[in-house]
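Data first, discussion second: the structure below is written as structure tokens.
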Amino acid sequence: MATSASSQNHDRVLVYAEYLSRIRSIAISIQLSELCYPQQLTFRDVRTAVLHYTKASGSSDSTTGVHDESNESSKEKQNHESNRSDQLDELESSTASGITDSIELNQKEKSSNSNDNEFIINLPEDITVRVSESTIPISELTSTLSFRLPASPELADVLQTKLNFYDSYDQIPWSADMLNSHKVSFCCVQCDGELVKPNRIKQWKSLPSENWAEMMDFWHCHKPKSEDDNMASKFNPSYAVSKFTPYSGTVLVGDCYFYLFKDDTTARVVGETVACEKCGYDLGTCDASDKTSLTVWKWNLKLVTPDVSTDNTKTKDDIREAVASTNTCMPTKKPAKPLRLTYPLHQYVSTVIARLIDSHAIYTFSITDMDEKPDLLLWVFNPDIKYTTATSAKGQRGFKIVYTYDKKIMPSLEKTRGEIEVVKFPPRVLEVLKAHLVENTLSLPENARSFGQWTVSMLEKIN
Numbered sequence: 274m275a276t277s278a279s280s281q282n283h284d285r286v287l288v289y290a291e292y293l294s295r296i297r298s299i300a301i302s303i304q305l306s307e308l309c310y311p312q313q314l315t316f317r318d319v320r321t322a323v324l325h326y327t328k329a330s331g332s333s334d335s336t337t338g339v340h341d342e343s344n345e346s347s348k349e350k351q352n353h354e355s356n357r358s359d360q361l362d363e364l365e366s367s368t369a370s371g372i373t374d375s376i377e378l379n380q381k382e383k384s385s386n387s388n389d390n391e392f393i394i395n396l397p398e399d400i401t402v403r404v405s406e407s408t409i410p411i412s413e414l415t416s417t418l419s420f421r422l423p424a425s426p427e428l429a430d431v432l433q434t435k436l437n438f439y440d441s442y443d444q445i446p447w448s449a450d451m452l453n454s455h456k457v458s459f460c461c462v463q464c465d466g467e468l469v470k471p472n473r474i475k476q477w478k479s480l481p482s483e484n485w486a487e488m489m490d491f492w493h494c495h496k497p498k499s500e501d502d503n504m505a506s507k508f509n510p511s512y513a514v515s516k517f518t519p520y521s522g523t524v525l526v527g528d529c530y531f532y533l534f535k536d537d538t539t540a541r542v543v544g545e546t547v548a549c550e551k552c553g554y555d556l557g558t559c560d561a562s563d564k565t566s567l568t569v570w571k572w573n574l575k576l577v578t579p580d581v582s583t584d585n586t587k588t589k590d591d592i593r594e595a596v597a598s599t600n601t602c603m604p605t606k607k608p609a610k611p612l613r614l615t616y617p618l619h620q621y622v623s624t625v626i627a628r629l630i631d632s633h634a635i636y637t638f639s640i641t642d643m644d645e646k647p648d649l650l651l652w653v654f655n656p657d658i659k660y661t662t663a664t665s666a667k668g669q670r671g672f673k674i675v676y677t678y679d680k681k682i683m684p685s686l687e688k689t690r691g692e693i694e695v696v697k698f699p700p701r702v703l704e705v706l707k708a709h710l711v712e713n714t715l716s717l718p719e720n721a722r723s724f725g726q727w728t729v730s731m732l733e734k735i736n
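All you need for my numbering is the position in the sequence shown, starting with 1, plus 273.
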């Protein structure tokens, strides 16, 4: 009996599909559990593949867990392999380049065997129409499979992929543009205590990249010459010491923090710590020499929307689209009045890594706690991938990474990686990050989970 998409047995089939943008193809790796035998791969549409497989009789309800292979069963396997050998040769000859864009149509009816099963595979990108109308027979009795299918992405997706490859720092949680588009506020992630005083914030401004001073100096030194130019004007040391300071009514927005004017907030300052006035939860830091400005980390906040019961439907839908959908923000409660939204904590790590790759072209990171004690060594293999797993409903952007949190082998691996950037996060973020990486590793087929002493995984980005 065919297995529906909603009730698929994810313990029985592991799938990883990745869109390879440079060669416009989709690589699929599949692992089935023992006593499950693949039959063929078909397609419902350009984004959905279906793996047909059979399950050996007695494999699910056996009390002993031992599979009895009779002579008849062995002959059946031999016949199965023999009948499909010609089809396999034909398929291999048509995919010499590794891309199955020459698959011949196979109109065989599905087997009527009662042990037939289907597993739905959501693809990260569109495949070509010709492949979507074909059937790929599988002639080997194996538990691991791999395919490479030609993709046919929309032109807009191709352009966006190219932009993402050269500029991975293209999305941050709660960007200034998004916050200026809606009437929003923020509260403490621990107790929902109000952070920003009512009607105080009029504008959200993006902070420039950390190398803005270098770019300004380069522009100043290489600007078009005029008669008034002189050597003294070709360097402006103020660029290197300039400091951005928030003022009343305006918040400066960084990748993972807000820079606020203290009197616009309800926060308490204890030494160099910014705390929630209601519960005392640590929200951020302040400079001892500047008590008028506060740095508050975004992961310690919830975004608060207007009361959706009194706002019109358009505003409510706009907020959901801009905040919840496109930026993968997650409601912390069921939709109510007002909505309170947070980001998955691991996406703050991917945001920081994207910024460092973009500004410094560094791909290896030592992830530490706030006291700089090494907790995780992470190497970005591919800075921008689109992938799906057995549980994915649609393609997800992310980093293809390898990592280790084994402190015994970290020093030896660090010696092989050249320049390494140290990135600090609080323990709460680190715990979620490691859980996310381990979960993604376990979603991969077993033969794709390791690379030498490294463990392979994906780090999700903000879509």
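C-beta: ideal position from N, C-alpha, C; glycine also. Remember, it's a predicted structure, so these values are computed and weren't measured experimentally.
Residue i to residue j span [Cα, whole Å]
i: T327; j: Y310; result: 5 Å
i: L717; j: F534; result: 46 Å
i: G724; j: Y676; result: With the sequence shown as reference, residue 724 is identified as Phe, and Gly is not the correct amino acid for it. Their backbone Cα atoms lie some 9 Å apart in a straight line.
i: A449; j: Y532; result: 12 Å
i: N713; j: I735; result: 16 Å
i: T641; j: P519; result: 29 Å
i: R318; j: K667; result: Before going further, note that residue 318 is Asp rather than Arg in the sequence given. So the alpha carbons of these two residues sit roughly 14 Å apart.
i: T546; j: D560; result: 9 Å
i: L422; j: Y530; result: 41 Å
i: L651; j: Q726; result: 12 Å
i: Y554; j: A548; result: 5 Å
i: G522; j: P611; result: 22 Å
i: D536; j: K571; result: 19 Å
i: S355; j: Q669; result: At S355 the pLDDT is 48, less than 50, meaning the model places this residue with poor confidence and gives no usable figure here.
i: K697; j: L686; result: 19 Å
i: Y292; j: R473; result: 45 Å
i: P471; j: D399; result: 47 Å
i: F517; j: F316; result: 55 Å
i: T401; j: S419; result: 18 Å
i: K688; j: A540; result: 44 Å
i: Q476; j: V653; result: 35 Å
i: L715; j: R701; result: 22 Å
i: A300; j: A290; result: 6 Å
i: T728; j: E550; result: 42 Å
i: A708; j: R722; result: 15 Å
i: L706; j: R690; result: 21 Å
i: A329; j: E406; result: 29 Å
i: Y616; j: T538; result: 22 Å
i: D644; j: E413; result: 53 Å
i: D563; j: Y678; result: 37 Å
Contact belief for residue i with residue j at Cβ below 8 Å, rounded distance in angstroms
i: V542; j: F459; result: V542 to F459, Cβ: 17 Å. No contact.
i: P397; j: T661; result: 5 Å
i: L308; j: F392; result: So it is not a contact: roughly 15 Å between Cβ atoms.
i: S730; j: I674; result: 6 Å
i: R320; j: P426; result: R320 to P426, Cβ: 11 Å. No contact.
i: N655; j: T417; result: In fact, because the Cβ distance is near 22 Å, the residues do not count as touching under 8 Å.
i: V469; j: I394; result: No, V469 and I394 are not in contact; Cβ-Cβ is about 45 Å, not under 8 Å.
i: I445; j: T637; result: That belief does not hold up - the Cβ atoms of I445 and T637 are roughly 22 Å apart, past 8 Å.
Candidates the options, of which the one nearest residue i by Cα
i: I658; options: V711, H709, L732, L614; result: L732
i: S566; options: L525, C529, S298; result: L525
i: V622; options: E687, A548, D399, L710; result: L710
i: T415; options: R403, D318, S302; result: S302
i: L614; options: V288, A300, W447, L287; result: W447
i: D528; options: K478, K470, T539, C549; result: K478
i: P699; options: V729, V653, L618; result: L618
i: P481; options: E413, S632, V653; result: S632
i: K680; options: F672, K646, R701; result: K646
i: V404; options: H455, A322, Q444; result: A322
i: A424; options: K564, E550, S294, Y678; result: S294
i: F672; options: Y678, I626, T538, E406; result: I626
Same chain, Cβ closer than 6 Å to residue i, neighbours up to 5 away in sequence not counted
i: N573; result: V462, L556
i: G371; result: In this predicted model, G371 has a pLDDT of only 40, less than 50, meaning its place in the structure is not dependable enough to derive any value.
i: Q620; result: I735
Contact set for residue i: own chain, Cβ-Cβ below 7 Å, skip 5 residues either direction
i: V457; result: L576, V577, T578
i: C552; result: C461, Q463, C464, G466
i: I635; result: L629, E692, E694
i: Q313; result: H325, T408, I409, P410, I411
i: T558; result: E545, T546, V547, T568
i: L258; result: As shown, the chain starts at 274 and ends at 736. That puts residue 258 outside it, with no answer to give.
C-beta neighbour in chain D for residue i, strict 8 Å
i: V286; result: The displayed structure is made up of one protein chain only, and chain D is not part of it.
Residues near residue i in its chain [Cβ-Cβ closer than 8 Å; skip 5 each side]
i: L703; result: I640, D642, D648, L649
i: T599; result: Any reading at T599 needs caution, since the residue's pLDDT is 41, under 50, leaving its predicted position unreliable; the model's value is listed next. Closer than 8 Å at the Cβ level, and outside the excluded window around T599, lie N736.
i: P684; result: none
**Q.** Contained beta strand (DSSP E) runs [length at least 3] in the region 383-420, N- to C-terminal order
**A.** 389-395
Q: Quick one: which unbroken beta strand (DSSP E) runs of 3-plus residues sit fully inside the region 527-557? Chain order, please.
A: 530-534, 541-543, 546-548
**Q.** Entirely enclosed beta strand (DSSP E) segments - the region 637-676, minimum 3 residues
**A.** 637-641, 647-662
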